[in-house]
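Presented below is the structure to which this report refers.
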């Protein structure tokens with residue numbers, strides 16, 4: 060009888076443990092955020108790559124997505140983006156992110172030191188980026204290439220634009 064009771068207890072215990080789940084909940088865009096990194100000068104990683112990395116103020120949900128826009132004179136341009144400088148020279152912006160930080164980098168298919176002063180100022184020196192966190196549970200279709208449409212769809216038109224701390 061003791062063996063049956065023991066087996067029954069083990070069976071119930073195993074069944075109860077297997078039914079546990081963890082879920083993330085979203086509340087209509089409450090977790091959408093906008094960060095701006097103004098006047099950032101990218102730091103040289105190697106001859107072909109310059110970058111900057113910032114820490115998020117808290118961790119993102121695993122299902123969140125991140126978009127990065129670069130201020131280009133009079134408009135926000137969605138990254139990744141490439142620019143053809145002519146003669147086979149190409150420069151590119153791209154980014155990657157984790158739940159804890161984001162890295163924006165600028166690469167060239169030639170040594171960055173060969174950029175003219177004007178090109179260096181345009182692409183590396185004092186760049187402004189906007190980082191938009193999009194909740195993973197967000198279902199509405201958005202034209203992400205249009206910064207204003209993205210912000211409007213996420214309900215962030217009047218949201219405070221925060222800054223991130225540069226990762227050391």
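Residue numbers (the working numbering): 60 to 227.
Virtual Cβ for every residue (Gly too), placed ideally from N, Cα, C.
Under the three-pair Cβ rule at 8 Å, the segment 111-119 does not count as touching the segment 169-185.
Counting C-beta atoms within 10 angstroms of its own C-beta, residue 210 has 16 or more neighbours from the protein chains shown and is therefore classed as buried.
Beta-bridge partners assigned by DSSP to residue 159: none are found. Under the DSSP definition of a beta bridge, residue 128 partners with 137 and 189. In this structure residue 186 is in contact with residue 129, their Cβ atoms being roughly 6 Å apart against a cut-off of 8 Å.
At a Cβ-Cβ threshold of 9 Å, residue 108 and residue 171 count as neighbours.
Leaving aside the five residues that flank residue 158 on each side, the residues in its chain whose CB is nearer than 6 Å to its CB run, in chain order, 118 and 119.
Cα atoms of residue 214 and residue 206: separation of roughly 12 Å, rounded to the nearest angstrom.
Assigned with DSSP and collapsed to three states, residue 207 falls in helix. Residue 155 counts as exposed, since fewer than 16 other C-beta atoms from the protein chains shown sit within 10 angstroms of its C-beta.
Only residues of its own chain outside the window of five on either side were considered, and among them 107, 108 and 151 have a CB closer than 6 Å to the CB of residue 166, listed in chain order.
The alpha-carbon of residue 125 is positioned some 33 Å away from that of residue 146. The shortest C-alpha to C-alpha distance from residue 194 to any of 121, 97 and 116 is the one to 121.
Sequence-distant partners of residue 142 (beyond 5 residues in either direction) whose C-beta falls short of 6 Å from its own C-beta, in its chain, are 150. The C-alpha of residue 137 lies about 16 Å from the C-alpha of residue 200.
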